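Number of protein chains: 2
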Amino acid sequence: MRRKSFGTMNCSVAQTLEVVGEWWSMLIVRDAFLGVTRFDDFQTRLGISRNILTNRLEHLVERGVLERQPYQDRPVRYDYLLTEKGRGLWHVLAAMRQWGDEWECPHGPPVVVEHLSCGELTVVVPTCTHCGEALDAASMKAHAGPGAGPGQLPVLAGSA
Amino acid sequence: MRRKSFGTMNCSVAQTLEVVGEWWSMLIVRDAFLGVTRFDDFQTRLGISRNILTNRLEHLVERGVLERQPYQDRPVRYDYLLTEKGRGLWHVLAAMRQWGDEWECPHGPPVVVEHLSCGELTVVVPTCTHCGEALDAASMKAHAGPGAGPGQLPVLAGSA
């Protein structure tokens, strides 16, 4: 069953889901960040059917998240490598990992992350590009941007 | 068709997907952050069937992301409000929005975000909790954490 496409929604979150929102896609991207490049290694780690894995890898290549590089000629076999666009998903993945660590992992984080330049185990803190303060939901307000369409933001009783 | 559960995978990204990885869930959470609380308002903004929306809202309530508060008695009607756990998804959503802005929105961001305390339109910068430096994929290394199981990280040729 093909799900509804979010491709026509004028929303960056929906556009991101259109590229990596399929069940499995973010776990494939996660493993690519951990250095997995080959079909059989993705399959073993994920326990996914070859058919679904083939589809997901093709979609991620089509949308520019992964690129294929042949490592063998007869038969041709590929490494799947993150592109610059794919590496940009690091922040999404880190935020997901940290939320799961906090709310869904009662036995402690399965994975911790070292910041190589300072040598410490790190937690990613979202900060403001202007003032450097740590950000959270309560400190922010959304406005229509240059690419906004009509009805971009909900009109709510009591909102400005 | 019920998809494979990620609930048994020992991975915080998989656990996060188990809670909010269903198609639509992050768009419901997005709208909740924008102040939408009522069934009909979610439905109108998302263009989703009542049946699917009911299922998704129930799942998000069961998993503690949203809570229901009655605003009317006969018939009983509910507001759906983000819990503390739900508000914690703000960072995930911000990272998704920014990736979509950068890679999938050629006409510019549909939504921009003001940091209320400094008054500037802001971009969320992921920084290290120890040294405060901006982080990216290349500056980090994953290690097995206290909740790790066997084979938590892939064993790769050339890795330490």
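Protein chains in written order, with our numbering: chain B, 5 to 164; chain L, 5 to 164. Cβ atoms here follow ideal geometry from the backbone N, Cα and C, with glycine treated the same way. None of the values given here were measured: they were computed from a predicted structure.
In whole angstroms, what separates the C-alpha of residue i from that of residue j?
i        : j        : result
Gly25/B  : Leu21/L  : 10 Å
Leu125/L : Ile32/L  : 24 Å
Pro130/B : Glu71/L  : 26 Å
Gly11/B  : Ala18/B  : 7 Å
Trp27/B  : Leu93/B  : 16 Å
Leu139/B : Arg78/B  : 52 Å
Lys8/B   : Thr58/B  : 21 Å
Gln73/L  : Val65/L  : 11 Å
Pro150/B : Glu106/L : 13 Å
Phe46/L  : Met144/B : 21 Å
Val80/L  : His63/L  : 19 Å
Leu157/B : Ala148/B : 7 Å
Ala164/B : Ala146/B : Because the pLDDT at Ala164/B is just 37, under 50, the model does not fix this residue reliably, and the point stays unresolved.
Gly104/L : Ala152/L : 32 Å
Ala142/L : Ile56/L  : 39 Å
Glu108/L : Leu61/L  : 28 Å
Val117/L : Tyr75/B  : 44 Å
Lys89/L  : Arg34/L  : 14 Å
Asn14/B  : Met13/L  : 33 Å
Establish whether the CB of residue i and some CB of chain B are separated by less than 9 Å.
i        : result
Asn3/L   : No answer is possible for residue 3/L: it lies beyond the span of chain L, which begins at 5 and ends at 164.
His63/L  : no
Phe10/L  : yes
Glu106/L : yes
His147/L : yes
Leu57/L  : no
Leu157/L : yes
Phe37/L  : yes
Ala164/L : Any reading at Ala164/L needs caution, since the residue's pLDDT is 37, under 50, leaving its predicted position unreliable; the model's value is listed next. No, because no Cβ of chain B sits closer than 9 Å to the Cβ of Ala164/L.
Arg34/L  : yes
Asp45/L  : yes
Arg49/L  : yes
Gln76/L  : no
Pro114/L : yes
Buried or exposed, going by whether 16 or more other CB atoms sit within 10 Å of the CB of residue i?
i        : result
Cys135/L : exposed
Arg54/B  : exposed
Ser16/L  : buried
His119/B : buried
Gln102/B : buried
His111/B : exposed
Ser29/L  : buried
Ala200/B : Residue 200/B is absent from the structure shown; chain B starts at 5 and stops at 164.
Pro114/B : buried
Gly51/B  : exposed
Val69/B  : buried
Val159/L : exposed
Ala99/L  : buried
Gly155/B : exposed
Measure from the C-beta of residue i to each C-beta in chain D and report whether the shortest distance is under 9 Å.
i        : result
Thr133/L : The chain labelled as chain D is not found among the protein chains of the depicted structure, namely B and L.
Kindly indicate if chain L contains any beta-carbon less than 9 Å away from that of residue i.
i        : result
Arg101/B : yes
Leu120/B : yes
Arg81/B  : no
Arg91/B  : yes
Glu22/B  : yes
Leu85/B  : no
Glu124/B : yes
If residue i sits next to residue j, beta carbons under 8 Å apart, how far is it from one beta carbon to the other, in whole angstroms?
i        : j        : result
Val96/B  : Val128/L : The pair is not a contact, with the Cβ atoms about 11 Å apart (cut-off 8 Å).
Cys122/L : Glu137/B : 7 Å
Arg91/L  : Val23/L  : With 8 Å as the limit, Arg91/L and Val23/L do not qualify as a contact, their Cβ atoms being about 14 Å apart.
Given 8 Å, three or more beta-carbon pairs between the stretch 39 to 48 of chain B and the stretch 76 to 88 of chain B: yes
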